[in-house]
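K.L.:
Quick note: the sequence shown, position 65, residue 576 per the numbering used here, numbers continuous.
Even for Gly, the Cβ is constructed at its ideal location relative to N, Cα and C.
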Amino acid sequence: MTQAPVNVTVTGAAGQIGYALLFRIASGQLLGADTPVKLRLLEIPQAVKAAEGTAMELDDGAFPLLAGIDIFDDPKQAFSGANIGLLVGARPRSKGMERGDLLEANGGIFKPQGEAINAGAADDIKVLVVGNPANTNALIAQSHAPDVPAERFTAMTRLDHNRALAQLAKKLGVAVTDLKKVAIWGNHSATQYPSVQHAEVNGKNVAETINDEAWLADTFIPTVAKRGAAIIEARGLSSAASAASAAIDHVYTWVNGTPEGDWTSAGVVSDGSYGVPEGLISSFPVTAKDGKYEIVQGLEIDEFSRPRIDASVAELAEERDAVRKLGLI
Ligand SMILES: NC(=O)c1ccc[n+]([C@@H]2O[C@H](COP(=O)([O-])OP(=O)(O)OC[C@H]3O[C@@H](n4cnc5c(N)ncnc54)[C@H](O)[C@@H]3O)[C@@H](O)[C@H]2O)c1
Ligand SMILES: O=C(O)C[C@H](O)C(=O)O
Numbered sequence: 512m513t514q515a516p517v518n519v520t521v522t523g524a525a526g527q528i529g530y531a532l533l534f535r536i537a538s539g540q541l542l543g544a545d546t547p548v549k550l551r552l553l554e555i556p557q558a559v560k561a562a563e564g565t566a567m568e569l570d571d572g573a574f575p576l577l578a579g580i581d582i583f584d585d586p587k588q589a590f591s592g593a594n595i596g597l598l599v600g601a602r603p604r605s606k607g608m609e610r611g612d613l614l615e616a617n618g619g620i621f622k623p624q625g626e627a628i629n630a631g632a633a634d635d636i637k638v639l640v641v642g643n644p645a646n647t648n649a650l651i652a653q654s655h656a657p658d659v660p661a662e663r664f665t666a667m668t669r670l671d672h673n674r675a676l677a678q679l680a681k682k683l684g685v686a687v688t689d690l691k692k693v694a695i696w697g698n699h700s701a702t703q704y705p706s707v708q709h710a711e712v713n714g715k716n717v718a719e720t721i722n723d724e725a726w727l728a729d730t731f732i733p734t735v736a737k738r739g740a741a742i743i744e745a746r747g748l749s750s751a752a753s754a755a756s757a758a759i760d761h762v763y764t765w766v767n768g769t770p771e772g773d774w775t776s777a778g779v780v781s782d783g784s785y786g787v788p789e790g791l792i793s794s795f796p797v798t799a800k801d802g803k804y805e806i807v808q809g810l811e812i813d814e815f816s817r818p819r820i821d822a823s824v825a826e827l828a829e830e831r832d833a834v835r836k837l838g839l840i
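Okay, here's the thing in structure tokens:
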């Protein structure tokens, strides 16, 4: 160990993503093999006992980098001193629940968590919201943390990015590492736009190499955009290990940077780039350097891409308007 432990707060710690995520954090995959971590787990009171069970298993892993585990049911305590916040716990949609009800229920979670981050997190706090609807939950939390730079709040679309890489690698018969500059635009929802407009396979344009616009429009895009629903249909539960893996990737890249000549995708606060209204937390192609995600600038957006980006961004604006109406932002 070469440095002081980093405090990582994980909400929804007793849930299925939490179970897949915590062991990878403890093993050093979130921040690197030289960085010890202290876990601060947040759960609702009814699930604290289950979180304690997971903590017992973490102890039993004898992870050299795991410097401590604390469990809370109070966001103020859980986020006190947090350097990284992984906001996984959210209210799932239940039978008969309308979209507005879901947004309101999640507002009740992400507003106090944003306030707690504002009140007590470390100055270098980085937040990743995984719990759905991730972009709008991130917006709610961010809007209640006025003292934290807005760009420290991000929403997860790395799972969508990874799904896009996997589908393209299969189609092209290449390794995922042969692909560069794939991008997810917009919302982490079925309206998202997984784009290959600028993507390269071993230095060649992906769309030209595939040479099949119908496959891109009618198979690739819906497969990626609806993959979450397909996993729920197949497993009877939403994606967990792949979501945890993507959360690890998102934070690792944020801290350690993107490779030269490539980018990744993340939901970040819009600065107005590409016609995305300023302040919305939308997915963009992003690079990471010196601990900051930045939107890739200056890309030409073609006629195929423009309406698809706009449609997903319009959905984000609707969600923002709905939570504004509910007084949540
Ligand atoms: N962004 C993505 O790519 C992505 C991918 C997969 C799943 N998700 C979302 O992640 C979320 C978690 O998924 P899961 O499968 O782990 O769900 P889960 O139901 O197994 O676990 C959620 C946990 O959150 C806890 N929780 C609820 N309210 C809380 C609060 N106020 N504070 C702390 N904990 C709270 C619950 O007690 C539960 O243990 C869901 O919203 C899911 O839709 C997002
Ligand atoms: O939980 C869901 O609704 C699906 C999840 O966001 C996913 O993309 O797998």
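Which residue comes first and which comes last in the beta strand (DSSP E) that contains Phe574?
P.N.:
Note, Phe574: premise wrong, no beta strand (DSSP E); not H, not E.
K.L.:
Could you check what DSSP says for Pro586 in three-state terms: helix, strand or coil?
P.N.:
Helix, per DSSP.
K.L.:
Please find out if some non-hydrogen atom of ligand 1 comes closer than 8 Å to the beta-carbon of Leu533.
P.N.:
Because no heavy atom of ligand 1 lies under 8 Å away, the Cβ of Leu533 does not count as near it: no.
K.L.:
Let me check you understand the geometry: is the CB of Ser750 closer than 8 Å to at least one non-hydrogen atom of ligand 1?
P.N.:
Checking every heavy atom of ligand 1 against the Cβ of Ser750, one is found closer than 8 Å.
K.L.:
Is there at least one non-hydrogen atom of ligand 1 closer than 8 Å to the beta-carbon of Val519?
P.N.:
False, no ligand heavy atom lies under 8 Å from that Cβ.
K.L.:
Grab me the residues of Asp763's own chain with a C-beta within less than 8 Å of its C-beta, minus the 5 sequence neighbours each way, in chain order.
P.N.:
First, the amino acid is wrong: residue 763 is Tyr here, not Asp. These residues qualify, in order along the chain: Gln540, Leu541, Leu542, Gly543.
K.L.:
Is it buried or exposed for Pro547, if we count other Cβ within 10 angstroms and need 16 for buried?
P.N.:
Buried, by the Cβ-count rule.
K.L.:
Cutting at 7 Å between CB atoms, please list the residues of its own chain near Gly572, excluding the five before and the five after it.
P.N.:
If we look at Gly572 and ignore the five residues flanking it on each side, its Cβ neighbours are Phe534, Ala537.
K.L.:
Taking Cβ to Cβ, would you say Ile759 is nearer than 9 Å to Val779?
P.N.:
No, the pair does not count as a contact, with Cβ atoms beyond the cut-off.
K.L.:
Alpha carbon to alpha carbon, how far is Ile812 from Gln708?
P.N.:
The alpha-carbon atoms of Ile812 and Gln708 are separated by roughly 8 Å.
K.L.:
Can you list, in chain order, the residues of its chain with a C-beta nearer than 6 Å to that of Met512? Leave out the 5 residues immediately preceding and following it.
P.N.:
Low confidence applies here, because Met512 scores a pLDDT of 48, under 50, leaving its location unreliable and the question unanswered by this model.
K.L.:
Classify Glu564: buried if its beta carbon has 16 or more other beta carbons within 10 angstroms, exposed otherwise.
P.N.:
First, the residue type needs correcting, since residue 564 is Gly and not Glu in the sequence shown. Exposed, because fewer than 16 other Cβ atoms sit within 10 Å of the Cβ of Gly564.
K.L.:
Can you give me the start and stop residues for the alpha helix (DSSP H) that Trp765 sits inside?
P.N.:
Here the alpha helix (DSSP H) through Trp765 covers 752-767.
K.L.:
So which of Asp584, Gly579, Glu719, Ser756 has the shortest CA-CA distance to Ala558?
P.N.:
That would be Asp584, whose Cα lies nearest to the Cα of Ala558.
K.L.:
In this structure, how does DSSP classify Glu563 when only helix, strand and coil are distinguished?
P.N.:
Helix.
K.L.:
Alpha carbon to alpha carbon, how far is Ala515 from Glu829? Give it in angstroms, no decimals.
P.N.:
For Glu829 and Ala515, the distance between alpha carbons rounds to 43 Å.
K.L.:
Write down every uninterrupted run of the alpha helix (DSSP H) in the segment 576-664 whose length is 4 residues or greater and which is fully enclosed by it, in chain order.
P.N.:
Listed in chain order, they are 586-590, 610-631, 645-654.
K.L.:
Nearest CA to the CA of Asn518: which residue from Leu727, Ser591, Ala822?
P.N.:
The shortest Cα separation from Asn518 among Leu727, Ser591, Ala822 belongs to Ser591.
K.L.:
For Gly739, which three-state DSSP category applies?
P.N.:
Gly739 falls in the helix class under three-state DSSP.
K.L.:
Is the separation between the beta-carbon of Glu626 and that of Ala656 shorter than 9 Å?
P.N.:
Cβ atoms of Glu626 and Ala656: closer than 9 Å.
K.L.:
Tell me the DSSP secondary structure of Glu811 in three-state form.
P.N.:
Note: Glu811 maps to coil in three-state DSSP.
K.L.:
Quick one: is the Cβ of Arg835 within less than 8 Å of any heavy atom of ligand 1?
P.N.:
Outside the cutoff, so no.
K.L.:
Would the beta-carbon of Ile651 be found less than 8 Å away from any heavy atom of ligand 2?
P.N.:
Every heavy atom of ligand 2 is 8 Å or more from the Cβ of Ile651, so no.
K.L.:
Measuring only from the beta carbon, is Pro788 closer than 8 Å to any heavy atom that is part of ligand 1?
P.N.:
No, the Cβ of Pro788 stays beyond 8 Å of every heavy atom of ligand 1.
K.L.:
In angstroms, rounded to a whole number, what distance separates the CA positions of Ala589 and Leu748?
P.N.:
Roughly 27 Å between the two C-alpha positions.
K.L.:
Would you list the one or two residues that DSSP bridges to Val520?
P.N.:
First, the residue type needs correcting, since residue 520 is Thr and not Val in the sequence shown. Looking at the DSSP assignment, Thr520 forms a beta bridge with Arg551, Gly596.
K.L.:
According to DSSP, is Thr668 part of a helix, a strand, or is it coil?
P.N.:
Looking at Thr668 - three-state DSSP - the assignment turns out to be coil, as it is neither helix nor strand.
K.L.:
What does the alpha-carbon distance come out to for the pair Ile840 and Tyr785?
P.N.:
Spanning the two alpha carbons is a distance of roughly 24 Å.
K.L.:
Return the first residue and the last residue of the alpha helix (DSSP H) that Thr926 is part of.
P.N.:
Nothing about residue 926 can be reported from this structure: the residues present for the chain run from 512 to 840 only.
K.L.:
Tell me Ser749's beta-bridge partners as DSSP assigns them.
P.N.:
BP columns for Ser749 are empty, so no partner.
K.L.:
I think Val599 touches Ile528, with their Cβ atoms under 8 Å apart; what is that distance to the nearest whole Å?
P.N.:
That belief holds up - the Cβ atoms of Val599 and Ile528 are roughly 5 Å apart, short of 8 Å.
K.L.:
Quick check on the DSSP output: the alpha helix (DSSP H) that includes Ser816 runs from which residue to which?
P.N.:
Note, Ser816: alpha helix (DSSP H), 816-836.
K.L.:
Could you have a look at Leu569 and say whether DSSP puts it in helix, strand or coil?
P.N.:
Reduced to three states, the DSSP call for Leu569 is helix.
K.L.:
Is the beta carbon of Ile582 less than 9 Å from the beta carbon of Val638?
P.N.:
No; because the gap between Cβ atoms is not below 9 Å, this pair is not in contact.
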